[in-house]
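In this note's numbering, the protein residues as written are 198 to 468.
Glycine included, every Cβ here is placed at the ideal spot set by N, Cα and C.
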């Protein structure tokens, strides 16, 4: 092979084309996304991925975020492993502000997606008494497609939604293990302990807003999520920002516009 050919081959290998992130639609009626949206190819891949419900039935992710004449927005909350006491505290903190009834008034519905085995879903839902449907992707492919990373780093400050102590979370986790075993679940079925999640808004079938957890307790608060739910138009949104209704944390505390593609770390602040 000639030197010119080698140089051309070397140059072609060194060029890495990065997929451009999707851009939020001006007409979405949502505030700026705190995390960078994935690329169109990553989103297309996510849509085709299989999710599993508590009965072991398989659904494409795309089928779970379908809208209709009553609902135009779907909020998807991705949680950590099914034994995570921090995420359990978070799901419990959503009520009474965020319920199926309050969301429906805003033409919105909510689904929860974990990363453990599907046999864990029913005891998880029973323990939390959540009215929201829960699915899982044990392969974590959708977490990867949407850029949600892996970390064991705990928060610098305990978020307000964490109401239980580490000991209490440990006891609840033990009870969950026992209940899961009765449903055929095993300890390793809870999901990857390092995987973190996030919150995503899909409006009229298009991903418009996203937030990736920066650490093991990095969910957006129920109040911040509710602000986004109510954020319906540019005119209304401007009023909300001027009045301080959309909390500063939504754009600042969680790293506005910055992707949170986290790699493994060793420090742990989870249960």
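Item	Value
Residue 421 (DSSP reduced to helix, strand or coil)	helix
Local conformation of residue 218 per DSSP, three classes	strand
Three CB pairs or more closer than 8 Å across the stretch 396 to 406 and the stretch 218 to 230	yes
Length-filtered (3 minimum) beta strand (DSSP E) runs lying within the stretch 271 to 313	305 to 311
For residue 336, the residue or residues it bridges with in DSSP	Paired residue(s): none; residue 336 is not in a bridge.
Cutoff 6 Å; reference residue 429; Cβ partners in own chain excluding five residues on either side	226
DSSP-derived helix/strand/coil call for residue 248	strand
DSSP three-state assignment for residue 243, whether helix, strand or coil	helix
Rounded separation between residue 268 and residue 390 - CA only	34 Å
Closest residue to residue 398 among 250, 244, 235 and 273 (Cα-Cα distance)	273
Rounded straight-line distance, which links the Cα of residue 275 to that of residue 447	Low local confidence applies: a pLDDT of 46 at residue 447 is under 50, so the model's placement there is unreliable, with the coordinate-based value given in what follows. Answer to the nearest angstrom: the Cα atoms are 17 Å apart.
As assigned by DSSP and simplified to three states, the class of residue 395	strand
Residue 408 - partner residues in DSSP beta bridges	396
Per-residue DSSP class, three states only, for residue 360	coil
Residue 257 versus residue 352 - alpha carbon distance	33 Å
Endpoints, the beta strand (DSSP E) within which residue 257 is located	255 to 257
Alpha carbon of residue 219 to alpha carbon of residue 235, nearest angstrom	6 Å
Beta-carbon proximity list for residue 294, same chain, < 8 Å, skipping 5 on both sides	419, 420 and 423
contact_flag[the stretch 316 to 324, the stretch 231 to 248] where n(CB pairs < 8 Å) is 3 or more	no
Where residue 216 falls, given that 16 or more other Cβ within 10 Å makes a residue buried	exposed
Contact set for residue 331: own chain, Cβ-Cβ below 8 Å, skip 5 residues either direction	250, 251, 308, 309, 310, 311, 318, 321 and 322
Exposure of residue 392, with buried meaning 16 or more beta-carbon neighbours within 10 Å	buried
Residue 255 classed as buried or exposed, judged by whether at least 16 other C-beta atoms fall within 10 angstroms	exposed
Residue 427 (DSSP reduced to helix, strand or coil)	helix
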